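First comes the structure, then the notes that go with it.
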Amino acid sequence: MRDVSKRLSTQEYLHLIGVPDLPPLTSPFDPGYDPVTLESHLDQSWHLMDSLKISMACWMIANEATTRRKIAAAQSHNVPTVTGGGPFEVAVAQGQLGAYLDLCSDIGVEWIECGEGFTSLSIAPQTVVNMAHERGLKVQYEMGKKHEGTFTSTSLDEVVARGQAWLDAGAEQLVVEARESARGVGMFENDGSFNPAFADRFAGEFGLDIVMFEAPNKPSQFALLKHFGQRVRLCNVRLEELLRVEIYRRGLHSDAFAIPNLRPTLPGRETFR
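Residues 9 to 281 in this note's numbering are what the sequence shown lists, from first letter to last.
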């Protein structure tokens, strides 16, 4: 009978089959889950989360104590939190950016997302970044419009220039808009097909350490991972889909195992692509 006194951990087994250790590269979002649900996901998958987006404005109308509880839960797992870009746009449009930033700082988030997805920004990026930094908040900027369809060559040039302006002002991350459907927006056509040339433009201009791609559904997630490989940073992934995304990233999903830049490589060979 085989001696099983020495236990093999899941991590050790993954090393045996060639799965590399990867840093957290996915930023899932909380669309308004109750604290218990969020805490369960954090217990299970915190080590896979680059950050956690407290999405949309749901946190503003939920019981404030539960919002604070959820942010504290993320902090206890060393997962940074970021607010979605919609509340920022509303705050600017209503002339209450300072109050909004005060609130974000007080409830404990580390990052704010800024953008012009459905409004036109009336404040210079440098002013916004300075106001955020004064309150201890970091800034990421979301590139693209929510209601203007897929990118064109002209709009893409404008979006790239705007992203660079925000980096020059002190933003630390960029996000490419895909909404909740990844259809008829940004890099995705009306039928959901992915335009790799648009994605390559962002990667070439900013690098995969700076730019994150919204990937709200399975087709968008798999398309980006297949195209870029393991290094690509994804965001707006639903919490319940995080593990699926990460097994695909590691080549452990049936649809990913045959893809050369995702399939596990046995020890002794290059594995982080």
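The beta carbon of each residue, even a glycine, is placed where N, CA and C say it ideally should be. All values reported here derive from a predicted model rather than from experimental measurement.
For residue i, three-class secondary structure by DSSP
{"i": "Tyr-41", "result": "coil"}
{"i": "Glu-197", "result": "coil"}
{"i": "Leu-274", "result": "coil"}
{"i": "Arg-246", "result": "strand"}
{"i": "Glu-156", "result": "coil"}
{"i": "Ser-189", "result": "coil"}
{"i": "Ser-163", "result": "helix"}
{"i": "Leu-175", "result": "helix"}
{"i": "Ser-17", "result": "coil"}
{"i": "Val-27", "result": "coil"}
{"i": "Pro-36", "result": "strand"}
{"i": "Leu-182", "result": "strand"}
Anticipated Cβ contact below 8 Å, residue i with residue j, distance rounded
{"i": "Ala-177", "j": "Pro-133", "result": "4 Å"}
{"i": "Ser-63", "j": "Asp-38", "result": "6 Å"}
{"i": "Glu-213", "j": "Val-147", "result": "With a Cβ gap of about 18 Å, Glu-213 and Val-147 do not count as contacting."}
{"i": "Leu-145", "j": "Cys-112", "result": "6 Å"}
{"i": "Lys-234", "j": "Ile-267", "result": "6 Å"}
{"i": "Ile-69", "j": "Val-117", "result": "At roughly 16 Å, the Cβ-Cβ gap does not stay under 8 Å, so Ile-69 and Val-117 are not in contact."}
{"i": "Glu-185", "j": "Met-151", "result": "6 Å"}
{"i": "Asp-110", "j": "Arg-143", "result": "7 Å"}
Nonlocal neighbours in the same chain, by C-beta distance under 8 Å from residue i, ignoring five residues either side
{"i": "Leu-216", "result": "Phe-236, Arg-239, Val-240, Arg-241"}
{"i": "Ala-81", "result": "Pro-43, Leu-46, Glu-47, Leu-50"}
{"i": "Gly-92", "result": "Phe-37, Lys-61, Ile-62, Ser-63, Met-64, Ala-65, Glu-121"}
{"i": "Ser-35", "result": "Met-57, Asp-58, Ser-59, Leu-60, Lys-61, Val-90, Met-220, Arg-241, Leu-242, Cys-243, Asn-244, Val-245"}
{"i": "Ile-131", "result": "Val-100, Leu-105"}
{"i": "Ala-173", "result": "Pro-133"}
Cβ-based neighbour list, residue i, same chain, cut-off 7 Å, excluding 5 preceding and 5 following
{"i": "Glu-188", "result": "Pro-224"}
{"i": "Val-251", "result": "Note on identity: in this sequence residue 251 is Leu, with Val being the wrong assignment. Contacts found: Ser-53."}
{"i": "Phe-265", "result": "Gly-259, Arg-271"}
The stretch 42-53 in contact with the stretch 229-238 per 3-pair CB rule at 8 Å: no
Segment contact flag, the stretch 187-195 with the stretch 206-224, C-beta cutoff 8 Å, min 3 pairs: yes
Stretch-stretch touch, CB-based, cutoff 8 Å, three pairs: the stretch 120-138 with the stretch 96-104: yes
Stretch pair the stretch 48-58 + the stretch 77-90: three plus CB contacts closer than 8 Å: Three or more pairs of CB atoms, one per stretch, sit closer than 8 Å, so the stretch 48-58 contacts the stretch 77-90.
Touching by the beta-carbon criterion (3+ pairs, under 8 Å), the stretch 154-164 and the stretch 102-109: no
Beta strand (DSSP E) segments (min. 3 residues) lying fully within the stretch 51-133: Taking only runs of at least 3 residues, the beta strand (DSSP E) segments lying wholly in the stretch 51-133 are 60-62, 89-91, 119-123.
Inter-stretch contact at 8 Å, needing at least 3 Cβ pairs: the stretch 18-31 / the stretch 264-276: At 8 Å Cβ cutoff, the stretches touch.
Secondary structure, alpha helix (DSSP H): runs of 4+ residues fully inside the stretch 214-270: 226-236, 250-257
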